[in-house]
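Enquirer: With my numbering applied, the sequence shown corresponds to residues -3 to 502, in that order.
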Amino acid sequence: MSDPLSNMMRTPARRKTDDPKDADPRGEDMLQSMREASGERDTSIIQIKTNIDLQESAEGMLVHLTTMFELPTILQFSVILALIFFALSFSAMGRRRILGRLEESEKPILSETGQIWIRRVTRAFFPAALAFFLFICTQAAAWMNWPNDLLMVGMQLAVAGTVIRFLSTLIHSRVTAKWVAGVIWGVAALHIVGWWAPMTSLLGSIHLGLGEDRISLLGMLKGTFYFVLFLWLAGIVSRASEKKLKKIEEMTPSLRVLFTKLLRISLIFIACLLGLNAIGVDLTSFAILGGAVGLGLGFGLQKVVSNFVSGIILLLDRSIKPGDVIAIDNSFGWVNTLGARYVSIIQRDGREHLIPNEQLITEKVENWSFSNNDVRIPINVGVAYGTDLRKALELCLEAAIEEPRVKQFPKPVVRITGFGDSAVNIEIRGWINDPVNGIGNIKSDVFLRVWDKFQENGVEIPFPQRDLHLKSFSPDVAAQLKKELREELKKELLEEMRQEKTAGKK
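(1) Spatial neighbours of isoleucine 261 within its chain, please: CB distance less than 8 Å, with the 5 preceding and 5 following residues excluded, ordered by chain position.
(2) Would you kindly check if the distance between the Cβ of alanine 395 and the Cβ of arginine 445 is under 7 Å?
(3) By the three-class DSSP mapping on this structure, what secondary structure does glycine 319 have?
(4) Please state whether DSSP places glycine 414 in a helix, a strand or coil.
(5) What three-state label does DSSP hand glutamate 394 in the structure shown?
(6) What does DSSP give as the partner residues of tryptophan 427 in its beta bridges?
(7) Hey, quick one: how far does the beta strand (DSSP E) through phenylalanine 328 stretch, first residue to last?
(8) Check the C-beta distance from valine 410 over to isoleucine 422 and give it rounded, since I have them as a contact under 8 Å.
(9) Which residues does DSSP list as the beta-bridge partners of proline 352?
(10) Among residues of its own chain, excluding the 5 on either side of leucine 350, which ones have a beta-carbon nearer than 7 Å to its beta-carbon?
(11) Leaving out five residues on either side along the sequence, give the residues of the same chain with a beta carbon under 8 Å from the beta carbon of leucine 254.
(12) Assess contact between the segment 377 to 392 and the segment 352 to 369, defined as three or more Cβ pairs (one per stretch) separated by less than 8 Å. Is contact present?
(13) Measuring only the C-alpha atoms, how far is glutamate 399 from isoleucine 424?
(14) Could you check the C-alpha separation between lysine 17 and isoleucine 211 for me, to the nearest Å?
(15) Find the nearest neighbour of proline 318 within the set Asn141, Leu490, Leu334, Ile266, judged by alpha-carbon distance.
(16) Rounded to whole angstroms, what is the Cα-Cα separation between aspartate 448 and leucine 393?
(17) Out of Glu238, Val301, Ile375, Arg344, state which residue places its alpha-carbon closest to the alpha-carbon of valine 321.
(18) Near aspartate 441, which residues of its chain fall below 7 Å by C-beta distance, leaving aside the five closest residues on each side in sequence?
(19) Given this structure, state the Cα-to-Cα distance separating proline 21 from isoleucine 202, to the nearest angstrom.
(20) Please confirm if the segment 162 to 177 is in contact with the segment 135 to 143, defined as three or more CB-CB distances below 8 Å between the two stretches.
(21) Count the other C-beta atoms from every protein chain shown that fall within 10 angstroms of the C-beta of leucine 356, then say buried if there are 16 or more, exposed otherwise.
(22) Between the Cα of alanine 124 and those of Thr158, Gln152, Leu251, spot the shortest distance and give me the residue it belongs to.
(23) Select from Val176, Ile342, Asn353 the residue whose C-alpha is nearest the C-alpha of serine 302.
(24) Tell me which same chain residues have a C-beta within less than 7 Å of the C-beta of methionine 195, skipping the five on either side of it?
(25) Compare the beta carbon distance of valine 155 and alanine 127 with 7 Å and say whether it is the shorter of the two.
(26) What are the start and end residues of the alpha helix (DSSP H) that includes glutamine 135?
(27) Please report the residue range of the alpha helix (DSSP H) in which glycine 200 lies.
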């Protein structure tokens, strides 16, 4: 019989390898189960500690409630009331001196924006002064071994109020400011009752799986906070940079918009990375999903990406910039803003059209101020056939020259463009350099000047005319036909006059 030990000695030793295929799957399952059991044991231990901390906090609150009407507590409460009165007086005096100095100075000490910020910051004087005085009293009481529990509570509330007042000066949205204030008051309340440490322990014990990483609920909340904070700071820096860029006169409007957009996108991207890093997500894991996400975005957001890229192209080649007067399809007006997805065009009637950037790249666009602002305006006028045409041309030229918005160089000209059915057609051609101020209004002014000059010099503006010759009809039939034709011509004439009035109003 062979010895088991000798059999084990004869058995060839297994070759060590790093290949995962050669690993024993049962060993891996055992390790995984041991890890899960260890994680569950740690979680249960943390939950037990959290329950103990909560119980101790509740017992401490009961102790504080029972000692509320004792002499040390009453003394601390009296000190807090006195400090509130003193902080109110001190903050009011300091605010009056600062604001009075700003108003009484002949030369502005700060810019208008700086004065606004000073007025907002002074609103936080009272809670800041109260927190400072309470801190001094708390330290003095601790140094003399006096009770200072109520002073500590008051100091924490004053610090929370200071932070809320200061943040409210930076946050313009009232809804957001209320949410931030609620969160800060909640954190302060948890600190005061002693539930902050147990709550953070409980949230830290709850984990969520993300691939091979395990992220705690506390880490997710911290990451969300940092993400929102970084986005908010990115918005502030972006707006401040945009204001600074607007003051640089040497920079063209298109370059200002381009730099502003690139800065905003870069700051938002950095904020997203910092937020994910704060959560604890391994950023290298996103490299694997980058191709699939990019492919999905390419198909799903094709138009959005196309408009975004088209906007970058418009900013780089400077073919369209804020202030340009352009015409595309049925839209005519000046460019108000260049957005990431669209261009805002404001018409003369106040309507604002949002044109996609891709449309401005692929379709025909009339830019009246691309190389310069000079635009030639055609104004059509008709005179009767019996009119002295040379005199009519001279009067039309005088009307164009007298218009202030018409440039004197190049000089306006008047041309005969054809002989119509009822009139000799004349076109007045004048140049202007301010198309942003409108085209219809200058045409109306020139028409009015032409009308006045024609009335003064007896130049007739014709009506539609038609010659009718009747033959081989009896007198009664001819008279009836003439009457009917006269009525028909009268109706046509009234209809044409109504249409001309409607077109003139437009």
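Note that beta-carbon positions come from the ideal geometry of N, C-alpha and C, so glycine has one too.
Expert: Well, looking at it:
(1) none
(2) At a Cβ-Cβ threshold of 7 Å, arginine 445 and alanine 395 count as neighbours.
(3) coil
(4) strand
(5) helix
(6) Arg372
(7) 327 to 334
(8) 6 Å
(9) Tyr338
(10) Scanning its chain for C-beta atoms nearer than 7 Å, with the 5 sequence neighbours on each side dropped, one finds around leucine 350 the residues Tyr338, Ser340, in chain order.
(11) Ile308, Leu311, Leu312
(12) Flag = no, the segment 377 to 392 and the segment 352 to 369 do not touch.
(13) 12 Å
(14) For lysine 17, the pLDDT reaches just 43, beneath the cut-off of 50, and the residue's location in the model is therefore unreliable, leaving the point undetermined.
(15) Leu334
(16) 13 Å
(17) Out of Glu238, Val301, Ile375, Arg344, Arg344 has the C-alpha closest to the C-alpha of valine 321.
(18) Glu399
(19) In this prediction, proline 21 scores a pLDDT of 47, lower than 50, which makes its location untrustworthy; no coordinate-derived value is stated.
(20) no
(21) buried
(22) Thr158
(23) For the residues Val176, Ile342, Asn353, the minimum Cα distance to serine 302 belongs to Asn353.
(24) Leu186
(25) yes
(26) 121 to 139 is the span of the alpha helix (DSSP H), which, as asked, contains glutamine 135.
(27) 192 to 201
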